[in-house]
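Working notes for the structure below.
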Amino acid sequence: MDFDPREQLLKLAHAKMPFGKYEGRFLVDLPEYYVIWLKNNRLPQGLLGRQILEVYELKLNGMESILRELRSRYRKP
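According to the numbering used here, the sequence shown is numbered sequentially starting from 1.
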C-alpha cells in the first residue's frame, strides 16, 4: 500500500466526526477546545485518532484553512 500525502490530506479535509455532540461536522470545523480535550482525554484509536491529531496540529499552527480550501476545491476521494 502506497502512502500518498495528497490523498491523505483530501481525506482529512472531508473527514467528519462520527459520534457525539459534533456528529456530522467536519473534523477541521470542530471547536478548538474540543479537539484539545479529545487529544488530552478521549483520543479514539485508529484512523479517527490520527486524523484528530493532524487537525490538532493544523489548528495549533493556524493552518486549518488549508483543509477548508481543499474541501471546497476537490471532491471527497
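Virtual Cβ for every residue (Gly too), placed ideally from N, Cα, C.
First through last residue of the alpha helix (DSSP H) which encompasses L8: Before going further, note that residue 8 is Gln rather than Leu in the sequence given. Residues P5 to H14.
In whole angstroms, what is the alpha-carbon distance linking L43 and G49? 6 Å
For N41 and P5, I'd like the C-alpha separation in whole angstroms. 28 Å
So, under 8 Å CB-CB, L10 and P77 are touching, yes? Tell me the CB distance rounded to an integer number of Å. 5 Å
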